[in-house]
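J.: Each step along the sequence shown adds one to the number in numbering that gives the first Met the number 0, with nothing skipped, and position 104 is 103. Using N, Cα and C, we set each Cβ at its ideal position, and we do this for glycine too. As the structure is a computational prediction, the values presented were derived from the model and not from experiment. Before anything else, here's the structure in question.
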Amino acid sequence: MNNSQQRGTDRSRDGERPQARGTDRSVARRAELIVIGRKLFADTSYDALSMDDIARQARVAKGLIYYYFKSKRGYYLAIIEDSVADLVERAGSGTELPPTERVHRTIDGYLRYAEHHQAAYRTIVSGGVGFDAEVHAIRDGVREAMIGTIADGAYGRRDVPALVRTALLGWLCSVEGVTLDWIGAAQELERDTVRDYLVRMLRETLGVIEEFEPAFPAPPAA
């Protein structure tokens, strides 16, 4: 290989590296904007924030937000999806634990998330701004993920009959109501108290499920 060919090869290799670094920077920059957006929407309503406001408070050019998210709504949805992923990840941790302990940890992780990310939690549970089909779909996805996590912890499987799923969904909707009331009351109750109450509710629900579906016995109480 002559020197010219060698230099060409070197340029090709060097050209690949900035592209990889650029991709990493893009991912990191997008993640930074989502973190900023979570803080902004935590303090201000969706309608009260314009793209100019967001760009100014984020200290970036408005075009950068359009580049990554296309619109304010796209930015808002990306923030919700990021919050959802965080909630599901926290609630679903501890897969190595015995079933009862895993369920206990799932509920505790759920409450911890709601406690420390109240605005994001309210958005996820309420379905966002007005009636937004995409946000409602995200919320329904969270519910399905949570039902799967609880079913896996209680029965060692995620695929459950319709009655079992309906019963768990009913319990989860109660969890949402209790959690919203708890964070709205400035946590007058200790998190441990709320968690133990929800665990007890779940235990009763699993007992009722067993009566209707004997093939799905409730795990023994810890």
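For residue 60, does the three-state DSSP call read helix, strand or coil?
T.: As a first step, residue 60 must be located in the sequence shown, where it is residue number 61. Looking at residue 60 - three-state DSSP - the assignment turns out to be coil, as it is neither helix nor strand.
J.: Examine the Cβ distances between the segment 137-152 and the segment 96-113 and report whether three or more of them are shorter than 8 Å.
T.: Result yes; three or more Cβ-Cβ pairs closer than 8 Å.
J.: Helix, strand or coil for residue 148? Go by DSSP, reduced to three states.
T.: To locate residue 148, count along the sequence shown from 1; it is residue 149. Helix, per DSSP.
J.: Would you say residue 33 and residue 107 are within 7 Å of each other, going by their C-beta atoms?
T.: Position 34 of the sequence shown, counting from 1, holds the residue named residue 33. Position 108 of the sequence shown, counting from 1, holds the residue named residue 107. Taking 7 Å as the Cβ cut-off, residue 33 and residue 107 do not qualify as a contacting pair.
J.: Looking only at its own chain, which residues have a Cβ that is under 8 Å from the Cβ of residue 212, when we skip the five neighbours before and after it?
T.: The residue given as residue 212 occupies position 213 in the sequence shown. For residue 212, where only same-chain residues beyond five positions count, the Cβ hits under 8 Å are 160, 162 and 163.
J.: Do residue 83 and residue 137 have their C-beta atoms closer together than 7 Å?
T.: Sequence index remark: in the sequence shown, residue 83 carries index 84 (1-based). Sequence index remark: in the sequence shown, residue 137 carries index 138 (1-based). Cβ atoms of residue 83 and residue 137: closer than 7 Å.
J.: Cβ of residue 166 within 7 Å of Cβ of residue 208?
T.: For the purposes of this step, residue 166 is identified with residue 167 of the sequence shown, where counting begins at 1. For the purposes of this step, residue 208 is identified with residue 209 of the sequence shown, where counting begins at 1. Yes, they are a contact pair.
J.: Once the 5 residues before and after residue 29 are set aside, which same chain residues still bring their CB inside 7 Å of it?
T.: Here residue 29 refers to the residue found at position 30 when the sequence shown is read from its first residue. Contacts found: 67.
J.: Which one of 73, 200, 70 and 36 has the shortest CA to CA distance from residue 58?
T.: Along the sequence shown, one-based indexing puts residue 58 at 59. Of the candidates 73, 200, 70 and 36, the one whose C-alpha sits nearest the C-alpha of residue 58 is 36.
J.: Are the beta-carbon atoms of residue 110 and residue 55 separated by less than 7 Å?
T.: Working through the sequence shown from its first residue, we reach residue 110 at position 111. Working through the sequence shown from its first residue, we reach residue 55 at position 56. Cβ atoms of residue 110 and residue 55: not closer than 7 Å.
J.: Enumerate in chain order the residues of its own chain whose CB-to-CB distance from residue 113 is below 6 Å, with the five nearest sequence positions on each side excluded.
T.: On the sequence shown, position 114 is the one that residue 113 refers to. Answer for residue 113: 120, 178 and 182, listed in chain order.
J.: Check each candidate in 76, 26, 188 and 174 and name the one with the smallest Cα separation from residue 133.
T.: Position 134 of the sequence shown, counting from 1, holds the residue named residue 133. The option with the nearest alpha carbon to residue 133 is 76.
J.: Just to check my reading of the structure: residue 197 and residue 174 have Cβ atoms closer than 8 Å, yes? What is that Cβ distance to the nearest angstrom?
T.: In the sequence shown, the residue the question calls residue 197 occupies position 198. In the sequence shown, the residue the question calls residue 174 occupies position 175. So it is a contact: roughly 6 Å between Cβ atoms.
J.: In the structure shown, what three-state DSSP assignment does residue 99 receive?
T.: Taking the first residue of the sequence shown as 1, we reach residue 99 at position 100. In this structure, residue 99 counts as helix in the three-state DSSP scheme.
J.: Judging by CA-CA distance, which residue of 86, 87, 48 and 88 is the nearest neighbour of residue 74?
T.: As a working mapping, residue 74 is identified with position 75 in the sequence shown. Comparing Cα positions, the closest option is 48.
J.: Is it true that the CB of residue 87 sits closer than 7 Å to the CB of residue 144?
T.: Along the sequence shown, one-based indexing puts residue 144 at 145. Along the sequence shown, one-based indexing puts residue 87 at 88. Contact: yes.
J.: Based on Cα-Cα distance, which residue from 62, 115, 44 and 206 lies nearest to residue 170?
T.: Taking the sequence shown and counting its residues from 1, one reaches residue 170 at position 171. For residue 170, the nearest C-alpha among the options comes from 206.
J.: Grouping DSSP H, G and I as helix and E and B as strand, with all else coil, what is residue 212?
T.: Your numbering for residue 212 matches position 213 in the sequence shown. Three-state DSSP puts residue 212 in coil, outside helix and strand.
J.: Would you kindly check if the distance between the Cβ of residue 41 and the Cβ of residue 118 is under 7 Å?
T.: Translated into positions along the sequence shown, residue 118 becomes position 119. Translated into positions along the sequence shown, residue 41 becomes position 42. Their beta carbons are under 7 Å apart, which means residue 118 touches residue 41 by this criterion.
J.: According to the neighbour-count rule (16 or more other Cβ atoms, all chains shown, within 10 Å of its Cβ), is residue 104 buried or exposed?
T.: Here residue 104 corresponds to residue number 105 of the sequence shown, with the count starting at 1. Answer is buried; the Cβ neighbour count reaches 16.
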